[in-house]
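This report refers to the structure that appears directly beneath it.
Number of protein chains: 4
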Amino acid sequence: MPEPVGVRQAQAQRTRSGVLSAASAVFVDQGVQAPIRDIAERAGVGVGTIYRNFPTRADLVTAVYRHQIDTCTALAPRLLEESASPFTALTRWADAFVEFLVTKHGLSAALGSGDPGLEKLHALMLDTLVPACATLLDACADADELSPGITAYTLMRAIGNLCITGPDYDRDDAEHMVATLLAGCRREA
Amino acid sequence: MPEPVGVRQAQAQRTRSGVLSAASAVFVDQGVQAPIRDIAERAGVGVGTIYRNFPTRADLVTAVYRHQIDTCTALAPRLLEESASPFTALTRWADAFVEFLVTKHGLSAALGSGDPGLEKLHALMLDTLVPACATLLDACADADELSPGITAYTLMRAIGNLCITGPDYDRDDAEHMVATLLAGCRREA
Amino acid sequence: MPEPVGVRQAQAQRTRSGVLSAASAVFVDQGVQAPIRDIAERAGVGVGTIYRNFPTRADLVTAVYRHQIDTCTALAPRLLEESASPFTALTRWADAFVEFLVTKHGLSAALGSGDPGLEKLHALMLDTLVPACATLLDACADADELSPGITAYTLMRAIGNLCITGPDYDRDDAEHMVATLLAGCRREA
Amino acid sequence: MPEPVGVRQAQAQRTRSGVLSAASAVFVDQGVQAPIRDIAERAGVGVGTIYRNFPTRADLVTAVYRHQIDTCTALAPRLLEESASPFTALTRWADAFVEFLVTKHGLSAALGSGDPGLEKLHALMLDTLVPACATLLDACADADELSPGITAYTLMRAIGNLCITGPDYDRDDAEHMVATLLAGCRREA
DNA sequence: TATGAATGAGGCTTCATTCAT
DNA sequence: AATGAATGAAGCCTCATTCAT
Numbered sequence: 524m525p526e527p528v529g530v531r532q533a534q535a536q537r538t539r540s541g542v543l544s545a546a547s548a549v550f551v552d553q554g555v556q557a558p559i560r561d562i563a564e565r566a567g568v569g570v571g572t573i574y575r576n577f578p579t580r581a582d583l584v585t586a587v588y589r590h591q592i593d594t595c596t597a598l599a600p601r602l603l604e605e606s607a608s609p610f611t612a613l614t615r616w617a618d619a620f621v622e623f624l625v626t627k628h629g630l631s632a633a634l635g636s637g638d639p640g641l642e643k644l645h646a647l648m649l650d651t652l653v654p655a656c657a658t659l660l661d662a663c664a665d666a667d668e669l670s671p672g673i674t675a676y677t678l679m680r681a682i683g684n685l686c687i688t689g690p691d692y693d694r695d696d697a698e699h700m701v702a703t704l705l706a707g708c709r710r711e712a
Numbered sequence: 524m525p526e527p528v529g530v531r532q533a534q535a536q537r538t539r540s541g542v543l544s545a546a547s548a549v550f551v552d553q554g555v556q557a558p559i560r561d562i563a564e565r566a567g568v569g570v571g572t573i574y575r576n577f578p579t580r581a582d583l584v585t586a587v588y589r590h591q592i593d594t595c596t597a598l599a600p601r602l603l604e605e606s607a608s609p610f611t612a613l614t615r616w617a618d619a620f621v622e623f624l625v626t627k628h629g630l631s632a633a634l635g636s637g638d639p640g641l642e643k644l645h646a647l648m649l650d651t652l653v654p655a656c657a658t659l660l661d662a663c664a665d666a667d668e669l670s671p672g673i674t675a676y677t678l679m680r681a682i683g684n685l686c687i688t689g690p691d692y693d694r695d696d697a698e699h700m701v702a703t704l705l706a707g708c709r710r711e712a
Numbered sequence: 524m525p526e527p528v529g530v531r532q533a534q535a536q537r538t539r540s541g542v543l544s545a546a547s548a549v550f551v552d553q554g555v556q557a558p559i560r561d562i563a564e565r566a567g568v569g570v571g572t573i574y575r576n577f578p579t580r581a582d583l584v585t586a587v588y589r590h591q592i593d594t595c596t597a598l599a600p601r602l603l604e605e606s607a608s609p610f611t612a613l614t615r616w617a618d619a620f621v622e623f624l625v626t627k628h629g630l631s632a633a634l635g636s637g638d639p640g641l642e643k644l645h646a647l648m649l650d651t652l653v654p655a656c657a658t659l660l661d662a663c664a665d666a667d668e669l670s671p672g673i674t675a676y677t678l679m680r681a682i683g684n685l686c687i688t689g690p691d692y693d694r695d696d697a698e699h700m701v702a703t704l705l706a707g708c709r710r711e712a
Numbered sequence: 524m525p526e527p528v529g530v531r532q533a534q535a536q537r538t539r540s541g542v543l544s545a546a547s548a549v550f551v552d553q554g555v556q557a558p559i560r561d562i563a564e565r566a567g568v569g570v571g572t573i574y575r576n577f578p579t580r581a582d583l584v585t586a587v588y589r590h591q592i593d594t595c596t597a598l599a600p601r602l603l604e605e606s607a608s609p610f611t612a613l614t615r616w617a618d619a620f621v622e623f624l625v626t627k628h629g630l631s632a633a634l635g636s637g638d639p640g641l642e643k644l645h646a647l648m649l650d651t652l653v654p655a656c657a658t659l660l661d662a663c664a665d666a667d668e669l670s671p672g673i674t675a676y677t678l679m680r681a682i683g684n685l686c687i688t689g690p691d692y693d694r695d696d697a698e699h700m701v702a703t704l705l706a707g708c709r710r711e712a
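Protein chains in written order, with the numbering used here: chain A, 524 to 712; chain B, 524 to 712; chain C, 524 to 712; chain D, 524 to 712.
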């Protein structure tokens with residue numbers, strides 16, 4: 524009896540999704556350096572399955588955050604349309620980015636760690652988020668709302684760093700400091 | 524025959540200094556989580572010597588940065604006297620802090636890591652750098668040069684985070700972003 | 524294609540048994556404090572395998588002796604049935620216990636060491652051997668063959684201690700002293 | 524000015540005594556395997572001083588217990604004179620030996636451990652205590668009060684083992700079991 | 001494909017012992 | 001004779017990674 528085409532693939536896809544969900548949760552709890560075994564246990568799979576799907580830790584980290592990064596990227600053009608001014612759009616977009624980062628504690632630290640294994644995640648950001656941010660910055664520049672010399676990559680990296688929270692520097696502090704940084708980016712009239 | 528006073532102490536002190544130098548260098552290369560053995564090898568001592576002098580890793584990290592932190596702390600009142608305005612003093616002091624941080628890559632990451640073992644270093648900063656910074660901020664506030672709601676601890680933590688450098692976000696970028704953050708802290712006339 | 528059920532479990536079980544055999548042998552040679560690595564080498568496995576199967580040293584020690592302890596426990600009621608008098612049964616049972624102990628040098632020393640990590644083994648004895656011994660003592664008491672004040676736990680501990688052998692105090696000496704102790708336990712007519 | 528003869532030696536002797544006192548106390552707390560450094564700290568001397576006076580751990584252990592062993596040895600002939608019967612003398616002497624052992628927790632375990640480094644202590648016992656005990660046993664045998672086959676060394680070793688106390692087998696239990704063992708040694712009339 | 005047992009490198013820490021002063 | 005800083009071997013334990021089933 525021939526098995527229906529794609530059943531196997533569907534199952535494999537479900538396994539993959541389960542791993543990603545588990546990894547996401549474990550990263551929040553323990554950071555991106557969490558033991559692979561912990562993720563496997565949370566996902567209810569063997570460690571071999573994780574290695575099959577994500578040969579390196581960086582592959583896993585990247586996959587975990589890819590969807591949210593894509594969502595964030597897609598937000599930029601929409602905000603630009605909807606907002607009263609380009610700088611307002613930039614501010615709102617930064618809010619969304621911060622929202623993303625502060626709920627994924629491990630991510631900011633990971634991005635800031637310089638870990639060479641995370642180059643793929645780095646590349647993902649360069650490829651998607653940075654251009655999105657650049658669009659916003661260009662619009663601000665066109666509207667004469669931006670101090671000179673601010674580049675998308677540097678700004679995003681700075682925002683990312685400001686989102687590394689801890690016991691005495693929480694989400695509110697991060698939001699406050701990002702808002703302050705953006706205020707400093709605004710060209711004085 | 525009395526042995527020359529302090530000969531052994533002097534030798535021990537030299538050993539201790541050598542360990543601190545080695546640790547400082549290794550921290551720059553590998554971060555504060557570097558294996559103790561690597562530090563011992565760089566210092567040319569056995570691991571036992573490191574454990575004797577610095578029972579915990581946090582003790583070592585703290586000792587490595589204590590001197591520079593103290594220097595930075597002492598700078599604040601001097602700048603306040605010498606500078607044309609309190610905000611200028613704050614800016615210069617931030618420059619010095621950044622200078623310190625970006626040459627000690629490991630430190631910023633350590634401060635941002637939330638590692639519970641580094642509470643001593645954290646406490647050291649709270650006890651010395653934060654009050655120094657608070658003095659500057661108070662002066663700025665008295666001169667009506669500061670946006671409301673900026674606290675010394677949060678600002679320092681933010682500056683610290685902005686100084687977590689990497690391949691595509693270097694010292695110049697950190698300085699730029701810190702300057703931008705401070706610009707955002709300045710009350711608009 | 525379903526993999527033959529239990530093939531891997533069987534292999535794992537064999538590994539586990541091999542570890543237990545190796546541990547048993549190493550304990551005789553070196554005592555229960557022997558390095559884990561030595562046991563791993565004797566078993567032909569990596570240290571990780573031992574830690575996987577027996578997370579703590581006490582787990583390993585307990586497992587090593589559990590089977591023999593159970594055997595010894597099961598012997599008590601049988602001897603009570605078969606023997607001419609309860610005291611004879613007690614004597615025979617003590618012989619079996621001694622037989623067990625003197626061939627497992629490490630065990631007696633372990634029981635006498637007060638090592639807090641060996642509470643599990645201690646508990647195992649309390650839970651199984653002591654009740655078995657108590658049955659025999661009760662029968663002796665009922666037959667008026669026992670001096671008053673002898674409790675199962677104390678007696679077993681004493682027997683255990685008497686079985687700590689060494690170069691000049693061997694198995695025969697232990698048997699002799701245990702027999703002498705039991706003679707002292709017998710109520711004088 | 525010539526220093527009075529013997530001042531140095533007297534000082535050295537005082538150092539030695541201090542080390543022995545400290546070691547005795549530490550052995551009670553931690554057993555005879557206590558770190559040398561702990562003993563040095565308790566004695567207020569450097570570890571080198573301990574190594575100078577007692578090159579091996581066994582030397583130290585032996586020295587610590589020598590005095591008490593000698594006292595115990597000297598007791599035997601006195602008890603033999605004073606007591607109504609040789610067996611009474613033996614019983615009393617055993618009481619004294621138990622008293623010594625149960626207050627020196629580490630010792631019994633040490634004697635039973637088979638540690639080859641403790642051969643000196645072992646030898647000390649063979650050389651002094653065993654002959655003393657043998658005198659008592661001989662007297663008992665002459666008075667027809669002793670079961671045949673009981674040798675001094677084996678009996679002492681057995682008593683020593685019975686004195687290995689722990690949480691659920693205390694001094695009273697040890698005394699009880701030693702008394703029971705001796706009862707078993709008594710020739711039935 | 002999925003599994004998870006097994007491996008063993010690698011980091012941590014303690015402490016016996018040496019030796020220059 | 002006394003000191004105690006320094007050494008480094010030795011044990012512990014974790015976890016990334018492989019591979020037979």
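No residue lacks a Cβ here, since even glycine has one placed at the ideal position from N, Cα and C.
Quantities reported herein were computed from a predicted structural model and do not represent experimental measurements.
* Check the Cβ of residue 681 of chain A against every Cβ in chain B and list those closer than 7 Å, keeping chain order. => On the first sequence, residue 681 of chain A is found 158 positions in, with the first residue counted as 1. Near residue 681 of chain A (Cβ distances below 7 Å), the residues of chain B are 685, 700.
* Does the ligand MG have a heavy atom nearer than 7 Å to the CB of residue 591 of chain A? -> Ligands are entirely absent from the displayed structure, and the ligand MG is therefore not among its contents.
* Asked: Any idea if residue 530 of chain C is buried or exposed, counting beta-carbon neighbours within 10 angstroms, 16 or more meaning buried?
  -> On the third sequence, position 7 is the one that residue 530 of chain C refers to. Per the 10 Å Cβ criterion, exposed.
* Is it true that the CB of residue 678 of chain A sits closer than 8 Å to the CB of residue 700 of chain A? -> Residue mapping note: residue 700 of chain A aligns to position 177 of the first sequence, counting from 1. Residue mapping note: residue 678 of chain A aligns to position 155 of the first sequence, counting from 1. No, Cβ-Cβ distance for residue 700 of chain A and residue 678 of chain A is not below 8 Å.
* Check whether the Cβ of residue 647 of chain D lies closer than 8 Å to any Cβ atom in chain C. => For this step, residue 647 of chain D is matched to residue 124 along the fourth sequence. It does not: the Cβ of residue 647 of chain D has no partner Cβ on chain C nearer than 8 Å.
* Minimum C-alpha distance to residue 696 of chain C - residue among C:669, C:642, C:625 -> Taking the third sequence and counting its residues from 1, one reaches residue 696 of chain C at position 173. The residue with the shortest Cα to Cα distance from residue 696 of chain C is C:625.
* Under 7 Å Cβ-Cβ, which residues of chain A neighbour residue 706 of chain B? -> Within the second sequence, the letter at position 183 stands for residue 706 of chain B. Neighbours of residue 706 of chain B on chain A, chain order: 707.
* **Residue from D:610, D:542, D:573, D:592 whose Cα sits closest to the Cα of residue 661 of chain D** => Residue numbering aside, residue 661 of chain D sits at position 138 when the fourth sequence is read from its first letter. That would be D:610, whose Cα lies nearest to the Cα of residue 661 of chain D.
* Can you say whether residue 645 of chain B is buried or exposed, counting buried as having 16 or more other CB atoms within 10 angstroms of its CB? => Sequence index remark: in the second sequence, residue 645 of chain B carries index 122 (1-based). Buried: at least 16 other Cβ atoms inside 10 Å.
* Asked: Along chain C, which residues have their Cβ under 8 Å away from the Cβ of residue 677 of chain D?
  -> The sequence position of residue 677 of chain D within the fourth sequence is 154, counting from 1. Ordered by position in chain C, the residues that pass the 8 Å Cβ test against residue 677 of chain D are 692, 696, 699, 700.
* To do: Quick one: measure Cβ to Cβ for residue 619 of chain A and residue 658 of chain A, integer angstroms, because I've assumed they're closer than 8 Å.
  => Against the first sequence, residue 619 of chain A aligns to sequence position 96. Against the first sequence, residue 658 of chain A aligns to sequence position 135. Their Cβ separation, rounded to whole angstroms, is 14 Å, which puts residue 619 of chain A and residue 658 of chain A out of contact at 8 Å.
* Asked: Shortest alpha-carbon distance to residue 643 of chain A belongs to which of A:579, A:673, A:595, A:614?
  -> Indexing the first sequence from 1 puts residue 643 of chain A at position 120. The shortest C-alpha separation from residue 643 of chain A is found at A:579.
* **Whole-angstrom distance between residue 566 of chain A and residue 544 of chain A, CA atom to CA atom** => Your numbering for residue 544 of chain A matches position 21 in the first sequence. Your numbering for residue 566 of chain A matches position 43 in the first sequence. Approximately 8 Å, taken between the alpha carbons.
* Proximal residues of chain B, C-beta to C-beta of residue 672 of chain A below 8 Å -> Indexing the first sequence from 1 puts residue 672 of chain A at position 149. Under the 8 Å cutoff, chain B gives 699.
* DSSP three-state call for residue 707 of chain D: helix, strand or coil? -> For the purposes of this step, residue 707 of chain D is identified with residue 184 of the fourth sequence, where counting begins at 1. Looking at residue 707 of chain D - three-state DSSP - the assignment turns out to be helix.
* To do: Tell me whether the beta-carbon of residue 617 of chain A lies closer than 8 Å to the beta-carbon of residue 603 of chain A.
  => Indexing the first sequence from 1 puts residue 617 of chain A at position 94. Indexing the first sequence from 1 puts residue 603 of chain A at position 80. No, the pair does not count as a contact, with Cβ atoms beyond the cut-off.
* Helix, strand or coil: how does DSSP classify residue 571 of chain A here? -> For this step, residue 571 of chain A is matched to residue 48 along the first sequence. Three-state DSSP puts residue 571 of chain A in a helix.
* Please list, in chain order, all residues of the same chain as residue 608 of chain C whose beta carbon is under 7 Å from its beta carbon, the five residues on each side excluded. => Locating residue 608 of chain C in the third sequence gives position 85, counting from the first residue. Around residue 608 of chain C: 666, 668.
* Does DSSP put residue 727 of chain D in a helix, a strand or coil? -> No information on residue 727 of chain D is available, as it lies outside the stretch 524 to 712 that chain D covers here.
* Asked: Under the rule that 16 or more other beta-carbon atoms within 10 Å means buried, what is residue 525 of chain C, buried or exposed?
  -> In the third sequence, the residue the question calls residue 525 of chain C occupies position 2. For residue 525 of chain C, the pLDDT reaches just 43, beneath the cut-off of 50, and the residue's location in the model is therefore unreliable, leaving the point undetermined.
* State the DSSP-derived secondary structure class of residue 524 of chain A, mapped to helix, strand or coil. => Locating residue 524 of chain A in the first sequence gives position 1, where the first residue counts as 1. Because residue 524 of chain A carries a pLDDT of 48, less than 50, the predicted location of this residue cannot be relied on, and the following value inherits that uncertainty. Residue 524 of chain A falls in the coil class under three-state DSSP.
* Looking only at C-alpha atoms, which of B:672, B:671, B:555 sits nearest to residue 588 of chain B? -> Counting from one through the second sequence, the residue named residue 588 of chain B turns up at place 65. Here the closest residue by C-alpha is B:555.
* Asked: Roughly how many whole angstroms lie between the Cα atoms of residue 560 of chain D and residue 691 of chain A?
  -> In the fourth sequence, counting from the first residue as 1, residue 560 of chain D sits at position 37. In the first sequence, counting from the first residue as 1, residue 691 of chain A sits at position 168. Straight-line Cα distance between these residues: approximately 41 Å.
* Compute the Euclidean distance between the alpha carbons of residue 536 of chain B and residue 614 of chain A, then round it to the nearest angstrom. => Position 13 of the second sequence, counted from the first residue, corresponds to residue 536 of chain B. Position 91 of the first sequence, counted from the first residue, corresponds to residue 614 of chain A. Looking at the two C-alpha atoms, the distance is approximately 53 Å.
* Asked: Since residue 689 of chain C sits in a beta bridge, which residues does DSSP pair it with?
  -> In the third sequence, counting from the first residue as 1, residue 689 of chain C sits at position 166. The partner list for residue 689 of chain C (beta bridge, DSSP) reads C:692.
* Work out the CA separation of residue 538 of chain D and residue 641 of chain B for me, nearest whole Å. => As a working note, residue 641 of chain B is residue 118 in the second sequence. As a working note, residue 538 of chain D is residue 15 in the fourth sequence. Distance between the alpha carbons of residue 641 of chain B and residue 538 of chain D is about 42 Å.
* To do: Taking residue 688 of chain B and residue 694 of chain B to be in contact with their CB atoms under 8 Å, please state how far apart those CB atoms are, rounded to whole angstroms.
  => For the purposes of this step, residue 688 of chain B is taken as residue 165 along the second sequence, with counting starting at 1. For the purposes of this step, residue 694 of chain B is taken as residue 171 along the second sequence, with counting starting at 1. Indeed they touch by this definition, with Cβ atoms about 6 Å apart.
* Identity of the residue in C:627, C:581, C:582, C:570 nearest residue 713 of chain C by Cα -> Outside the modelled stretch of chain C, which goes from 524 to 712, sits residue 713 of chain C, for which no answer is possible.
* Asked: Does any residue of chain A bring its CB to less than 8 Å from the CB of residue 703 of chain B?
  -> Your numbering for residue 703 of chain B matches position 180 in the second sequence. Answer yes: the Cβ-Cβ gap between residue 703 of chain B and chain A drops below 8 Å somewhere.
* Work out the CA separation of residue 533 of chain C and residue 563 of chain C for me, nearest whole Å. => To locate residue 563 of chain C, count along the third sequence from 1; it is residue 40. To locate residue 533 of chain C, count along the third sequence from 1; it is residue 10. Computed Cα separation, rounded: 19 Å.
* Pull up the distance between the alpha-carbon of residue 674 of chain B and that of residue 703 of chain B, whole angstroms please. => Your numbering for residue 674 of chain B matches position 151 in the second sequence. Your numbering for residue 703 of chain B matches position 180 in the second sequence. One C-alpha to the other measures close to 17 Å.
* Rounded C-alpha distance that separates residue 606 of chain A from residue 596 of chain A -> In the first sequence, residue 606 of chain A corresponds to position 83, counting from 1. In the first sequence, residue 596 of chain A corresponds to position 73, counting from 1. Taking the straight line joining both Cα atoms gives about 16 Å.
* Asked: Anyone know if the C-beta pair for residue 542 of chain A and residue 568 of chain A falls short of 8 Å?
  -> As a working mapping, residue 542 of chain A is identified with position 19 in the first sequence. As a working mapping, residue 568 of chain A is identified with position 45 in the first sequence. In this structure, residue 568 of chain A lies closer than 8 Å to residue 542 of chain A by Cβ.
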